[in-house]
Amino acid sequence: MRLSIIALSLAAASLNFAALNVQARQNNESTTHTVDTAQTESQRLADFFANNFKQRLHRSPQFQSYLGYKWDYDKWNNISETFIEQSSELAKKQLNTLNSFDESQLSSAEKISLALNKVSLERQLANDEFRHHTYIMDQFSAYHTMVPSFLINVHRVTNTEDALAYISRLQRVKTLFSQVIDQLRIRQKMGVFPPKWSYDQMLQASKNVITGAPFDSSDSASSIWQDFQDKASKLEITDSERKTLLNDAKNALLTSVKPAYKALISELEVQRELTPEGDGVWRLPNGDKWYENRLAWFTTTDLTADEVHNIGLQNVERIHQDMRSIMKKVKFDGSLNEFFEFMRSDKQFYYANADEGRDAYLLEAKALIDTMRDKLPEYFGLIPQAEMVVKRVEPFREKSAGKAFYQSPAKDGSRPGIYYANLYDMNDMPTYQMEALAYHEGIPGHHMQRAIAQELEGIPEFQKYSSFTAYTEGWGLYTEELAKDMGFYQDPYSDFGRLAMELWRACRLVVDTGIHSKKWSREQAINYLIENTPNPKNDSVKAIERYIAMPGQATAYMIGKLKIMELRAWSQAELGEQFDIRGFHAQVLKDGPVPLNILEQKVKAWVADIQQSANKAG
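Right, dumping it as structure tokens:
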């Protein structure tokens, strides 16, 4: 039996969607005067959303670039304390304005948008109290790897102006890192540091960025330098113009990028010696309150650490039982842990740990995506237009990056969605997990959800890019199981891989709360994963290090997935033969990311509307 996750907070965003549907029909029957008034209030709300989103864009040059805009193509985001304080004051003003709207004059869709905007602003302000508890640097993802990754993957160079903007961004790295160091020192005074062991990884990754030409006498180019040369070589300009661009870029690398990284490295070396012992956020000032904030933020529920921990333990046991069924299918004679060891070590489940193995993995992952794409119309009415590609994680960050992840496409279609597979060590990428991983990161998982959200019409822009991790990652995990319903995982070992991925997310509930609430050590958490999952030891080590760096984030996946499965099962029970899986998925996807309580209300309103229509027809 699946767990019910009913205790959802975010009361300020609570809406009676069935009542809203009735109200919408009543509004359509109102007088012309009422309609005109509603339109006025609607227009005022639409203008408010449009202006706020434009303001958000103008305050974030990197967000502009992600969406394909080039207004501030030569700049990085401002992360100074002054700018952050201004952002908080702006959020307060926007929230006050939102509270001034007369909701009785708005449509049901507009009320959803208003509620979502309120929740987003309230979450931002709730975080403000703890903004210095967030690690400004960690080994998993931070500014030291963001700079090269952003330039390589996001900053397109289609003309000379783009190339000059690239060079300008190189020149501004020194200013950006100065702000990073300021933020590090604020946290130092507060006693907020990541664990000691994480510094070695941050230091190594930072040194990797400034290794190679032109930073040293190496014959091979650094990642950034190679990227700029490749992009400049494709420009239709004279050799003299190209030479000037290359010289300017090299100068920026040597006079801005290199000293910026050197200064950052020095600061990290100092802080490494100051960090207190321990791994979880319990070691930080007000760490328990910070973790409470993180769980609420990522799960969009009011579940306590103990409740999350217990949900994890119960689901670990459920999935272990399902895995024992797979063992019987493949006629494995032994214990579950012996089966785990077999799956970890048998060479039939791994590509060669060499370039030919990596190429083969990428080729098969692409084939899985193509096969899934043909099946989508049977289960979805909403299909994304944006393209998606499969890529290997770049060498400069593959050692510390996660197993796999997704990058959204550009809004204008100039950049596809990207499913990144980390092929640093092929022993960490078993073939029996390939299907579930491709479906989660690609289609019908993250690419499906995020690309559709960007392409939606009739909703405010902010809504397309809202962040509710339990929804987005819950959807990704949900689609892993959905693929089984669609007829995939014909190989029992691949089905075991699906269960292994779900088991991994269930274990996350246990270890994340264990680390940050129950004072588990890094080693204790690693051992829990090794003993309870088939994943290789290196996989477990990297995962625990990630959960330590991002407290609470790992809990969102399973909590979100359980809620979506619960809502689907409830809808099927309520509607019987009237249940339409395409309609259910449309309800989940059609408004962009939402908190779990609003998702629940949307689905219940959809069910109520179908039942009401059926009663009228009967």
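Residues in the sequence shown are numbered from 48 upward in steps of one, following our numbering.
Glycine included, each C-beta is placed from N, C-alpha and C at the ideal position.
When you compare the CB positions of residue i and residue j, do they come within less than 8 Å of one another, or not?
| i | j | result |
| --- | --- | --- |
| Q501 | K458 | yes |
| Q454 | N200 | yes |
| Q480 | G544 | yes |
| L293 | Q276 | yes |
| D335 | W344 | no |
| L223 | Y190 | yes |
| I506 | D638 | yes |
| D326 | I562 | yes |
| P323 | F515 | no |
| R234 | H179 | yes |
| L198 | Y182 | no |
| G534 | Y604 | no |
| I595 | P242 | yes |
| R629 | G492 | no |
| L576 | I490 | no |
| G607 | A517 | yes |
| Q537 | T519 | no |
| R420 | L470 | no |
To the nearest whole angstrom, what separates the beta carbons of residue i and residue j, a pair I think is in contact under 8 Å?
| i | j | result |
| --- | --- | --- |
| Y397 | T478 | 7 Å |
| N98 | F509 | No, N98 and F509 are not in contact; Cβ-Cβ is about 11 Å, not under 8 Å. |
| L153 | V227 | Contact flag wrong, Cβ pair sits at about 42 Å. |
| R444 | T192 | 5 Å |
| V377 | P539 | 5 Å |
| H487 | G523 | 4 Å |
Leaving out five residues before and five after residue i in sequence, what residues of the same chain have Cβ atoms less than 7 Å from its Cβ?
| i | result |
| --- | --- |
| R615 | F631 |
| N357 | none |
| M370 | L383, F543 and L546 |
| A412 | V437, A468, M481 and A485 |
| P583 | R391, N474 and D475 |
| K566 | G327 and W329 |
| N662 | none |
My output table needs one value for residue i: the three-state DSSP class, helix, strand or coil.
| i | result |
| --- | --- |
| G544 | helix |
| R219 | coil |
| A268 | strand |
| A260 | strand |
| R103 | helix |
| I416 | helix |
| I506 | coil |
| F515 | coil |
| Y120 | coil |
| F240 | coil |
| I645 | helix |
| P539 | helix |
| S154 | coil |
| I611 | helix |
| N298 | helix |
| G521 | helix |
| T560 | helix |
| E403 | helix |
| D656 | helix |
| N164 | helix |
| I628 | helix |
| M390 | helix |
| F96 | helix |
Which same chain residues, not among the five before or five after residue i, have their C-beta less than 6 Å away from its C-beta?
| i | result |
| --- | --- |
| D586 | D475 |
| Q70 | Low confidence applies here, because Q70 scores a pLDDT of 41, under 50, leaving its location unreliable; read the following figure in that light. There are no such residues. |
| Q634 | K649, V650 and W653 |
| A483 | E527, G544, R545 and M548 |
| A268 | G259 and A260 |
| Y246 | L315 and R319 |
| W337 | F177, H180 and V328 |
| Q658 | none |
| G115 | A457, K458, D459 and S461 |
| A85 | Note that A85 has pLDDT 46, beneath the 50 cutoff, so the model's placement of it is unreliable and the number below is only indicative. These residues qualify, in order along the chain: Q152. |
| A138 | L168, Q171 and L172 |
Within its chain, find whatever has a CB closer than 8 Å to the CB of residue i; leave out the 5 residues flanking it on each side and keep chain order.
| i | result |
| --- | --- |
| A433 | P456, G460, P463, G464, H494, A498, Q501 and E502 |
| S303 | L217, Q218, R219, V220 and K221 |
| A59 | Any reading at A59 must be qualified, since the residue scores a pLDDT of 38, below 50, and its modelled position is unreliable; the value itself is stated next. Answer for A59: A162, K165, V166 and E169, listed in chain order. |
| I573 | K584, S587, V588 and I591 |
| S564 | G327, W329, D335, Y338, A352, D353 and H356 |
| D274 | P195, L198 and I199 |
| T207 | L282, I284, E288 and L292 |
Using 8 Å as the limit for Cβ to Cβ distance, is residue i near chain B?
| i | result |
| --- | --- |
| I284 | The structure shown contains no chain B, having only a single protein chain. |
Fully enclosed by the stretch 310-380, which alpha helix (DSSP H) runs are 4 residues long or longer? 334-346 and 352-376
List, from N- to C-terminal side, the alpha helix (DSSP H) runs of 4 residues or more that fit wholly inside the stretch 169-214. 190-200, all fully within the stretch 169-214.
Suppose only complete runs of 4+ residues qualify. What are the alpha helix (DSSP H) ranges in the stretch 574-602, listed by chain order? 584-596
Ordered list of alpha helix (DSSP H) runs contained in the stretch 426-492, each at least 4 residues: 442-445 and 481-488
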